[in-house]
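Under the UniProt record's numbering, the first residue of the sequence shown carries the number 1, and numbering increases by one thereafter.
For every residue, glycine included, the Cβ atom is placed at its ideal position computed from N, Cα and C.
Contents: one structure, followed by commentary.
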Amino acid sequence: MLKSWAPQVDVLRHRATAAFVTHCGWNSTLEGITAGLPLLCWPLYAEQKMNKVFIVEEMKLGVEMRGYNEDVVTAEEVETKVRWVMQSEDGKALRERVAAIKDRATETLIKEGGSSHAAFVEFLKDLDKIASS
Numbered sequence: 001m002l003k004s005w006a007p008q009v010d011v012l013r014h015r016a017t018a019a020f021v022t023h024c025g026w027n028s029t030l031e032g033i034t035a036g037l038p039l040l041c042w043p044l045y046a047e048q049k050m051n052k053v054f055i056v057e058e059m060k061l062g063v064e065m066r067g068y069n070e071d072v073v074t075a076e077e078v079e080t081k082v083r084w085v086m087q088s089e090d091g092k093a094l095r096e097r098v099a100a101i102k103d104r105a106t107e108t109l110i111k112e113g114g115s116s117h118a119a120f121v122e123f124l125k126d127l128d129k130i131a132s133s
């Protein structure tokens, strides 16, 4: 079954979800990390490719899907990367890195005092200023 939309955050946080094949959009990246999932990176456009570099090479929270830059990622590649993440020792280390950063990322992003919370509070203050002027 194919759906045009799904509640991504709910799916990512479901206990049956073990990894996330992502296009590396920033919101999806943050949702995957705060769900504690290894990222299987399949960037498509623009900043997604830069985000992939950050995720794979800097943060070391994901793996690159070979063939994405030729616009063809094969079913075999998807299977290979899923098996690597779920069954290999390196995949286990990746899962452990993501699990270790999950709570810290959630704190930073959405808890009171986190960066997203602070930005939203500032946004509401700006709206209030506009409304009262």
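| query | result |
| --- | --- |
| Can you check whether the CB of L44 is closer than 8 Å to the CB of G62? | no |
| Classify L61 as helix, strand or coil using the three-state DSSP reduction. | coil |
| Threshold first: 4 residues or longer. Then list the alpha helix (DSSP H) segments lying entirely within the segment 5-52, N to C. | 8-13, 26-34 |
| Pull up the CB-CB distance for E64 and K49, whole angstroms please, since I reckon it's below 8 Å. | Not a contact, Cβ separation roughly 10 Å. |
| For T74, I'd like the list of residues in its chain whose CB is within less than 8 Å of its CB, leaving aside the five on either flank, ordered along the chain. | G67 |
| Beta carbon of P37, beta carbon of F20: below 8 Å? | In the sequence as displayed, the identity of residue 37 is Leu instead of Pro. Contact flag set, yes. |
| Over the uninterrupted alpha helix (DSSP H) stretch that includes S132, give me the two end residues. | 115-132 |
| Is DSSP giving K111 helix, strand or coil here? | coil |
| Under 7 Å: does the beta carbon of C41 sit that close to some heavy atom of the ligand NAP? | Questions concerning the ligand NAP fall outside what the structure shown contains, since it holds no ligand whatsoever. |
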